[in-house]
Amino acid sequence: MSNNDTHSRRRVLKGAGAAGAAGMLGLAGCLTGEDGGTTVEVLHAWTGGDGKRAQQALFDAFDEEYPDMDFEDEAIGGGGNQSLDQTIATRLRNSNPPSSFAGWPGANLERYGDALGNIESEVWEEAGFEDSHIQEAVEACQHNDGYSAVPLGSHRMNDIFYNVSVLEEAGVDPESIDDADALIEAFDTIQSETDATPLGMSLKPWAILQTWAVVMLGTQGYQAYMDFINGEGDEEAVRETFETLEEMLSDYINSDAASVGFTSVNEEIMNGEAAFIHGGNWLAGAYISEELTYGEEWDAIRFPGTEDMYGLHIDSFIYPGENPTPEDTATFLQFIGGETAQVAFNQYKGSIPTRTDVPTDEFNPYLTETIEDFNEVSDKPPTLAHGLAVDQQTQSDLEGVLNDNFADPYDVDGATEGFMNNV
1 MSNNDTHSRR RVLKGAGAAG AAGMLGLAGC LTGEDGGTTV EVLHAWTGGD
51 GKRAQQALFD AFDEEYPDMD FEDEAIGGGG NQSLDQTIAT RLRNSNPPSS
101 FAGWPGANLE RYGDALGNIE SEVWEEAGFE DSHIQEAVEA CQHNDGYSAV
151 PLGSHRMNDI FYNVSVLEEA GVDPESIDDA DALIEAFDTI QSETDATPLG
201 MSLKPWAILQ TWAVVMLGTQ GYQAYMDFIN GEGDEEAVRE TFETLEEMLS
251 DYINSDAASV GFTSVNEEIM NGEAAFIHGG NWLAGAYISE ELTYGEEWDA
301 IRFPGTEDMY GLHIDSFIYP GENPTPEDTA TFLQFIGGET AQVAFNQYKG
351 SIPTRTDVPT DEFNPYLTET IEDFNEVSDK PPTLAHGLAV DQQTQSDLEG
401 VLNDNFADPY DVDGATEGFM NNV
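In UniProt numbering, the protein residues as written are 1 to 423.
The structure is reproduced here in structure tokens:
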């Protein structure tokens with residue numbers, strides 16, 4: 001299923017009263033449910049690739065645990081959550097919120113202002129989430145002096161994935177890639193020794209932004225990155241990041257990068273048409289879903305220079321105010337933050353639980369290693385392209401700079417000036 005497809009599944013209230021419930025329509029055109037309001041309606045953007053199998057496992061597990069709840073999930077396709085965000089904005093503006101929706105916590109929550117509700121007592125205190133989740137996730141889900149989201153999992157943003165066979169054919173040893181120059185040399189070798197694209201890339205602004213961030217972390221260091229996202233960036237560090245990124249993108253990416261989506265690019269890694277790809281470890285989720293063997297068909301290294309970092313990304317479910325099903329939504333969110341949900345979803349999504357007490361038995365070796373790394377690294381820089389590091393307006397402004405100045409042709413001066421002026 002492509003990212004433009006939609007998928008909806010309804011779980012109709014079972015037992016007595018189901019027929020009567022089906023005949024009563026709520027404000028949003030949903031069934032009246034047992035919560036005294038409308039059906040528990042949950043929106044998300046997991047329509048294909050890594051997300052399809054993960055969301056099915058998640059919602060199947062919820063249905064099994066709560067078979068009598070009137071529940072509907074709806075997938076809204078579109079890269080980078082853009083279509084989902086537009087739908088949510090319209091629904092909230094029209095005072096017609098869903099029960100919950102998947103989204104990024106952290107600075108991203110600021111876009112919703114007072115449209116979100118507080119679930120501190122009904123969910124966080126009731127389920128003891130402050131003690132069972134990583135501190136970074138606890139802090140990211142806070143909003144307006146309370147909690148407005150529950151974490152589901154965490155993606156690592158500083159991995160670069162590769163097709164094992166392509167690198168072997170080129171004679172490239174991934175373990176020898178210890179800085180950006182060595183990575184570019186590997187691109188050059190792959191280009192001369194194989195028919196594969198050295199770096200699979202989508203030039204969608206959000207995709208460029210996530211790669212710019214990891215290049216900055218790898219070449220300029222953790223502190224330079226943190227200074228930048230906090231509005232105290234060094235212009236020369238920003239410029240050097242763009243210069244390195246230009247060298248990577250100008251000669252070594254796929255010819256259709258300006259038009260292709262990220263899921264399609266990852267398919268080129270899987271079929272051997274491309275060697276490397278950078279992105280969150282939802283990319284690994286796609287490999288896991290396709291049952292490709294870790295270490296034999298695909299593998300990953302830390303982006304050179306970020307070996308002692310975990311690029312922090314968090315997925316969550318968010319609680320709107322004026323909630324149509326407050327009690328059942330609280331039940332759903334308690335489930336999301338529990339062990340069952342975190343195992344069901346993350347093992348297929350390519351992410352790791354934000355709970356600290358989840359056994360790793362169900363996770364493949366790559367994800368088990370990622371969990372171990374999370375607990376051992378020195379720094380966990382928040383993702384710039386996925387809502388943790390900066391608010392939605394700032395992120396949108398940076399993407400606009402990239403769209404205008406760095407989506408081929410590559411204007412280092414224009415992009416540098418734009419980034420310095422917008423953070």
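All residues carry an ideal CB built from backbone N, CA and C; glycine is no exception.
Residue i, DSSP secondary structure in three states
| i | result |
| --- | --- |
| Y252 | helix |
| P320 | strand |
| G418 | helix |
| T382 | The sequence shown places Pro at residue 382, not Thr. Reduced to three states, the DSSP call for P382 is strand. |
| H7 | Interpretation of H7 is limited by its pLDDT of 36, a score under 50 that renders its predicted location unreliable; no figure is taken from the coordinates. |
| L292 | coil |
| M270 | helix |
| A344 | helix |
| L388 | coil |
| G360 | Residue 360 is actually Thr in this sequence, not Gly. In this structure, T360 counts as coil in the three-state DSSP scheme. |
| T325 | coil |
| V423 | coil |
| A16 | Unreliable placement is indicated for A16, whose pLDDT of 25 sits below 50; the coordinate value is still reported in the next sentence. The answer is coil: DSSP assigns A16 none of H, G, I, E or B. |
Per DSSP, cross-strand counterpart(s) of residue i
| i | result |
| --- | --- |
| H143 | G146 |
| F101 | L43, I318 |
| W282 | BP columns for W282 are empty, so no partner. |
| residue 427 | No answer is possible for residue 427: the residues shown for the chain start at 1 and end at 423. |
| Y410 | F406 |
| S154 | I314, I352 |
| R302 | D159 |
| M309 | D379 |
| I277 | F161, G200 |
| T87 | Looking at the DSSP assignment, T87 forms no beta bridge with any residue, so it has no partner. |
| L333 | DSSP output for L333 lists no bridge partner at all. |
| L116 | P320 |
Residue closest to residue i, alpha-carbon to alpha-carbon, out of the options
| i | options | result |
| --- | --- | --- |
| L249 | E372, L209, S154 | L209 |
| I117 | E130, P98, I134, L199 | For clarity, residue 117 is Gly in the given sequence; the question names Ile instead. Of the listed residues, the one whose Cα sits closest to G117 is P98. |
| L203 | G285, E240, S264 | S264 |
| S351 | A54, L43, D308 | A54 |
| N145 | D114, H155, I160 | Looking at the sequence provided, one finds Asp at residue 145 rather than Asn. D145 has its Cα closest to that of D114, out of D114, H155, I160. |
| E246 | W212, I229, H278 | W212 |
| T306 | Y225, D195, A207 | Y225 |
| E125 | A330, Y310, V423, D408 | A330 |
| residue 464 | R355, E185, E175 | Nothing about residue 464 can be reported from this structure: the residues present for the chain run from 1 to 423 only. |
| A57 | S154, A344, P365, T39 | A344 |
| P326 | S121, R93, E185 | S121 |
| D379 | G153, Q223, W206 | Q223 |
| Y310 | M157, T189, F71 | M157 |
| D172 | D179, E185, A180, D181 | Correcting the residue type first, residue 172 is Val in the shown sequence and not Asp. Nearest option by C-alpha distance: E185. |
| D357 | E339, E369, Y366, L199 | E339 |
| D251 | I88, Y410, F71 | Y410 |
| W104 | I119, F363, H155, P198 | H155 |
| D178 | D413, V377, P353, D308 | D308 |
| E240 | N421, A140, A415 | A415 |
| V138 | F262, P353, D68 | P353 |
Quiz item: Going along the chain, which unbroken runs of the alpha helix (DSSP H) with 4 or more residues stay wholly within the region 161-248?
Solution: 164-170, 180-193, 205-220, 222-229
Exercise. Kindly confirm or deny that the region 160-167 and the region 256-270 touch, where touching means at least three C-beta pairs closer than 8 Å.
Key: yes
Exercise. Please determine if the region 311-318 and the region 146-156 are in contact, where contact requires at least 3 C-beta pairs separated by less than 8 Å.
Key: At 8 Å Cβ cutoff, the stretches touch.
Practice problem: Give a yes or no on contact between the region 386-395 and the region 102-118, applying the rule of three or more CB pairs nearer than 8 Å. | Solution: The region 386-395, when compared against the region 102-118, does touch it at the 8 Å Cβ threshold.
Quiz item: Is the region 297-304 in contact with the region 125-143, if contact means three or more CB pairs nearer than 8 Å?
Solution: no
Quiz item: Just checking, does the region 53-69 make contact with the region 316-335 on the three C-beta pairs under 8 Å criterion?
Solution: The region 53-69 vs the region 316-335: in contact.
Self-check item: Sufficient close CB pairs (3 or more, under 8 Å) joining the region 225-237 to the region 250-257
Solution: no
Quiz item: Does the region 156-163 come close enough to the region 272-282 to have 3 or more Cβ pairs within less than 8 Å?
Solution: yes
Exercise. Check whether the region 38-53 touches the region 343-357, counting contact only when three or more Cβ pairs, one atom from each stretch, lie closer than 8 Å.
Key: yes
Quiz item: Counting Cβ pairs closer than 8 Å, one from the region 37-46 and one from the region 71-90, do we hit at least three?
Solution: yes
Quiz item: On the three-pair Cβ rule with 8 Å, is the region 376-395 touching the region 318-326?
Solution: Three or more Cβ pairs closer than 8 Å define a contact, and the region 376-395 falls short of that threshold against the region 318-326.
Practice problem: May I ask you to verify whether the region 214-231 touches the region 373-388, counting CB pairs closer than 8 Å and requiring at least 3? | Solution: With the rule of 3 Cβ pairs closer than 8 Å, the region 214-231 counts as touching the region 373-388.
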